[in-house]
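Asks:
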Amino acid sequence: PAMAGGAFEERCVSVLRCRFCRQALSWRGMRAALLAGAGTELYSTDIPPAGTVDFIGSCYFTEICKCKLKNIACLKCGNVVGYHVISPCKPCLLSCNNGHLWMFHSHAVFGINRLDSSGVNVLLWGNLPDLEENTDEDMSCTSEEEYIR
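Just so it is clear: in the sequence shown, position 124 is 205 by the numbering used here, and no numbers are missing.
(1) Please classify residue 141: is it buried, with 16 or more other beta-carbons within 10 angstroms of its beta-carbon, or exposed?
(2) So the alpha helix (DSSP H) residue 151 belongs to, where does it begin and stop?
(3) Going by other Cβ atoms of all chains shown within 10 Å of its Cβ, with 16 needed for buried, is residue 134 buried or exposed?
(4) DSSP three-state call for residue 122: helix, strand or coil?
(5) Distance, Cα to Cα, residue 125 vs residue 165?
(6) Kindly give me the distance between the Cβ atoms of residue 189 and residue 161, rounded to whole angstroms, as I take these residues to be in contact under 8 Å.
(7) Residues in its own chain within less than 7 Å of residue 95 by CB, not counting five upstream and five downstream?
(8) Leaving out the 5 sequence neighbours to the left and right, which residues in its chain are closer than 6 Å to residue 170 when beta-carbon positions are compared?
(9) Determine the DSSP secondary structure at residue 191, reduced to helix, strand or coil.
(10) What first and last residue would you give for the beta strand (DSSP E) that runs through residue 99?
Given below as structure tokens:
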């Protein structure tokens, strides 16, 4: 079933890990049901996973729609973990979608609910920053003085 736009904001943010090697693949995962294939459970994200996956194989299309897809594999173990929608077809673009074009198969990844900055509450998509540069706390500790130098 298609979801209304507001429903996305109430969903939990998941940390996605490769089932084969436990590598963290994305810090912005969302549990999703495929628009085209009802009953297919996936995870998705809106930002290209940096340094964790890479393209493998050739582009392909499914029988369900005309979206152009390409598989993605975990860089640590090499297993295919999902696919990227390189160019969405018009019906999929026009349907109620969340703008997530990076999809992960539930048989290849598992999601862990991410906590907010308090470390107590589950982080919801409505409270997630639009673009997170880096999830490593150490990287965000550069002081203003260092930038001024």
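For every residue, glycine included, the Cβ atom is placed at its ideal position computed from N, Cα and C.
Replies: On the basis of the supplied data:
(1) exposed
(2) Looking at the DSSP string, residue 151 is not in any alpha helix (DSSP H); the run it does join, the beta strand (DSSP E), is 149 to 155.
(3) buried
(4) strand
(5) 10 Å
(6) 7 Å
(7) 110, 111, 112, 124, 192, 193, 194, 195
(8) 146, 147, 148
(9) It is a strand residue.
(10) 95 to 99
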